[in-house]
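Trainee: Residue numbers (this note's numbering), protein chains in the order written: chain A, 1 to 214; chain B, 215 to 428. Even glycine gets a Cβ: it sits at the ideal position worked out from N, Cα and C.
Number of protein chains: 2
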Amino acid sequence: MAIRLVIFEDNEILRSSLCTLLGSSGDYQIVGMYGDVMEAEQIIRSTRPDVVVLDIDMPVRDGISAIPIIKQVDNAISVVMYTQFEDDDRLFRSLCAGADGYVLKKTTPLKLFEAIAEVHKGGVPMSPAIAQKVLNSFREKAKPKQEEYFLTVRETEVLKLLVKGYTVKYIAADLHMAYETCRSHLRNIYKKLHVRCGKEAIAKILKDRINLNR
Amino acid sequence: MAIRLVIFEDNEILRSSLCTLLGSSGDYQIVGMYGDVMEAEQIIRSTRPDVVVLDIDMPVRDGISAIPIIKQVDNAISVVMYTQFEDDDRLFRSLCAGADGYVLKKTTPLKLFEAIAEVHKGGVPMSPAIAQKVLNSFREKAKPKQEEYFLTVRETEVLKLLVKGYTVKYIAADLHMAYETCRSHLRNIYKKLHVRCGKEAIAKILKDRINLNR
DNA sequence: TAAAATATCACCCTTAAAGGGGATTGACAG
DNA sequence: CTGTCAATCCCCTTTAAGGGTGATATTTTA
Numbered sequence: 001m002a003i004r005l006v007i008f009e010d011n012e013i014l015r016s017s018l019c020t021l022l023g024s025s026g027d028y029q030i031v032g033m034y035g036d037v038m039e040a041e042q043i044i045r046s047t048r049p050d051v052v053v054l055d056i057d058m059p060v061r062d063g064i065s066a067i068p069i070i071k072q073v074d075n076a077i078s079v080v081m082y083t084q085f086e087d088d089d090r091l092f093r094s095l096c097a098g099a100d101g102y103v104l105k106k107t108t109p110l111k112l113f114e115a116i117a118e119v120h121k122g123g124v125p126m127s128p129a130i131a132q133k134v135l136n137s138f139r140e141k142a143k144p145k146q147e148e149y150f151l152t153v154r155e156t157e158v159l160k161l162l163v164k165g166y167t168v169k170y171i172a173a174d175l176h177m178a179y180e181t182c183r184s185h186l187r188n189i190y191k192k193l194h195v196r197c198g199k200e201a202i203a204k205i206l207k208d209r210i211n212l213n214r
Numbered sequence: 215m216a217i218r219l220v221i222f223e224d225n226e227i228l229r230s231s232l233c234t235l236l237g238s239s240g241d242y243q244i245v246g247m248y249g250d251v252m253e254a255e256q257i258i259r260s261t262r263p264d265v266v267v268l269d270i271d272m273p274v275r276d277g278i279s280a281i282p283i284i285k286q287v288d289n290a291i292s293v294v295m296y297t298q299f300e301d302d303d304r305l306f307r308s309l310c311a312g313a314d315g316y317v318l319k320k321t322t323p324l325k326l327f328e329a330i331a332e333v334h335k336g337g338v339p340m341s342p343a344i345a346q347k348v349l350n351s352f353r354e355k356a357k358p359k360q361e362e363y364f365l366t367v368r369e370t371e372v373l374k375l376l377v378k379g380y381t382v383k384y385i386a387a388d389l390h391m392a393y394e395t396c397r398s399h400l401r402n403i404y405k406k407l408h409v410r411c412g413k414e415a416i417a418k419i420l421k422d423r424i425n426l427n428r
């Protein structure tokens, strides 16, 4: 079954050539083409596409602003940004707004077609330079300091709950242990983390992004 | 010019079939195949590949441990992980260690070949499910919840120190205020944050990435 | 098998934290 | 000029947290 497509692209020449190219393949069915996103919600509601191709730089309102509107109608609709811009700001705003793919216009239209197919299969198609940016950002921000404090299984369980802000009494009850046992574990945890109290322990775990799940 | 390939894969059958498939194309030149990464550094130094394909689960040492070794020899060498695992931990550790691509074995070998070509062009090839994980992580980390709790300047100062794990007494001294004043501020802070104690406040601020410095 | 680590619980004592209430001063807005 | 808000401080009470010490059973490891 053909992928139902809606395209928002203000460049009329590009728009019609995309229409011709995409229409010539049986894999894609273009159910709408528009030069702006002013009527996006109504369009999406009535056409019910599988994938939306969004230019960013369009008159009056940019494409990014249309992403949440599309996703609100149906979160299953995939959105591929198709733009000449590769600056961090537009990229980040697009992805955070919910875009599923990001293809640069400087690549061949063929890449866009591949991206449409990929996004419809649940993938995240991106031009190489874009993917590189996302990966770098991921490495910087997501990299949890994987320090080893040699906590035991039980200690880790206690610490996980402590980090949620729970009281000692509550933690003990939750883990079916005596209050004094819980305190005993906490004392050992504090020693191993080189902290003096629960507040410092929470701060250390969360600030250093220490992963307690393994 | 053919892409120079080194493959680390402990499954002998898979290894030889990859060799046959890749060797039959003129686009790839396999310059080495190994069942473990024990000699990785020496191998990489002598073979000088463009791309390394790395299995994760291998005897003695896992593939992830070889990534920094490879990158240290020459950072321009691309590394594609080729594995059956799609758990967050292995994925994150691989990418943070410097992997450029992550392909699941459950997809066809053809996908691996495409990935090799893509990574050599500077892309970041990933199986759809993997790319989705990275994107979600990116969205979370890049978008700090910018909730507004209407804290006063003084309250923010107190909260900043509390989040460092300091005691009330210490905070008061640090900000040149009486102990009781500090407590008074804390009471107001707890009300505004909808928490019941300092531990919950710390957890809330750090987990939600609330910026106290704006 | 003996020693070490782990998980469990208990008691005492001190300090820290939190909840409630109240009061004063200064600034600023209506 | 009066009410509100922020910041300051104090008292009292209860609860939570932490340090020290020790004991027992189980499991793991050397």
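Report the three-state DSSP secondary structure of G101(A) (helix, strand or coil).
Mentor: strand
Trainee: Taking a Cβ distance cut-off of 9 Å, strictly less, list which residues of the segment 164-193 of chain A are near chain B, in chain order.
Mentor: K164, G165, Y166 and T167
Trainee: Using the beta-carbon of each residue, which ones in chain B are nearer than 7 Å to I202(A)?
Mentor: K413, I416 and A417
Trainee: Could you tell me if F364(B) is buried or exposed, where buried requires 16 or more neighbouring beta carbons within 10 angstroms of its beta carbon?
Mentor: exposed
Trainee: Can you check which of these residues, Y404(B), I258(B), S230(B) and R304(B), is closest to I284(B) by C-alpha distance?
Mentor: I258(B)
Trainee: With 16 other CB atoms within 10 Å as the buried threshold, where does T83(A) fall?
Mentor: buried
Trainee: I want to verify the contact list: residues of chain B whose CB lies under 9 Å from the CB of S94(A), in sequence order.
Mentor: The contacting residues do not exist; S94(A) stays about 11 Å from chain B at best.
Trainee: Determine the extent of the alpha helix (DSSP H) in which L110(A) is found, giving its start and end residues.
Mentor: P109 to H120
Trainee: Tell me whether the segment 378-386 of chain B and the segment 159-169 of chain A touch, counting them as touching only if at least three CB pairs, one residue from each stretch, are closer than 8 Å.
Mentor: Contact between the segment 378-386 of chain B and the segment 159-169 of chain A is absent: fewer than 3 CB-CB pairs across the two stretches fall below 8 Å.
Trainee: If you measure between the beta carbons of V124(A) and L349(B), is that distance less than 9 Å?
Mentor: Contact check for V124(A) against L349(B) passes: the beta carbons are separated by less than 9 Å.
Trainee: Quick one: grab the DSSP three-state call for R218(B).
Mentor: Here R218(B) sits in strand by DSSP.
Trainee: Are S127(A) and D100(A) touching if we call contact CB-CB under 9 Å?
Mentor: no
Trainee: Any C-beta of chain B within less than 7 Å: which residues of the segment 68-94 of chain A qualify?
Mentor: F92
Trainee: What residue from N213(A), Q29(A) and E180(A) has the CA that sits closest to L159(A)'s CA?
Mentor: N213(A)
Trainee: Measuring only the C-alpha atoms, how far is S260(B) from Q243(B)?
Mentor: 15 Å
Trainee: Would you call the CB atoms of D264(B) and I217(B) closer than 9 Å?
Mentor: yes
Trainee: Write down every uninterrupted run of the beta strand (DSSP E) in the segment 34-102 of chain A whose length is 3 residues or greater and which is fully enclosed by it, in chain order.
Mentor: 51-54 and 78-83
Trainee: For a contact defined as C-beta to C-beta under 7 Å, what are the partners of K421(B) on chain A?
Mentor: L206
Trainee: How far does the alpha helix (DSSP H) with N402(B) in it extend, from its first residue to its last?
Mentor: Y393 to L407
Trainee: Pull up the distance between the alpha-carbon of K199(A) and that of H399(B), whole angstroms please.
Mentor: Linking K199(A) to H399(B) through their CA atoms gives a straight-line distance of about 18 Å.
Trainee: Name the one or two DSSP bridge partners that Y172(B) has.
Mentor: What is shown of chain B runs 215 to 428, which leaves residue 172(B) out entirely.
Trainee: Give every residue of the same chain whose Cβ lies closer than 7 Å to the Cβ of E86(A), excluding the five residues on either side of it in the sequence, and list them in chain order.
Mentor: L104, A129 and I130
Trainee: Chain B partners of L135(A), CB-CB under 8 Å?
Mentor: L309, D314, V338 and V348
Trainee: State the Cα-Cα distance for the pair F138(A) and M252(B), rounded to the nearest angstrom.
Mentor: 29 Å
Trainee: Identify the contact partners of A345(B) in chain A, using a Cβ-Cβ distance below 7 Å as the criterion.
Mentor: G123 and V124
Trainee: Going by beta carbon distance, what residues of the same chain come within less than 8 Å of L235(B), once the five residues before and after it are set aside?
Mentor: P323 and F327
Trainee: Under 6 Å Cβ to Cβ from T321(B), same chain only, skipping five residues before and after it: list those, please.
Mentor: S341
Trainee: By how many angstroms is the C-alpha of N11(A) removed from the C-alpha of D269(B)?
Mentor: Taken atom to atom, the span from the alpha-carbon of D269(B) to that of N11(A) is near 46 Å.
Trainee: Indicate the three-state DSSP secondary structure (helix, strand or coil) for V134(A) in the structure shown.
Mentor: helix
Trainee: Near T156(A), which residues of its chain fall below 6 Å by C-beta distance, leaving aside the five closest residues on each side in sequence?
Mentor: L212
Trainee: By how many angstroms is the C-alpha of P59(A) removed from the C-alpha of R275(B)?
Mentor: 56 Å
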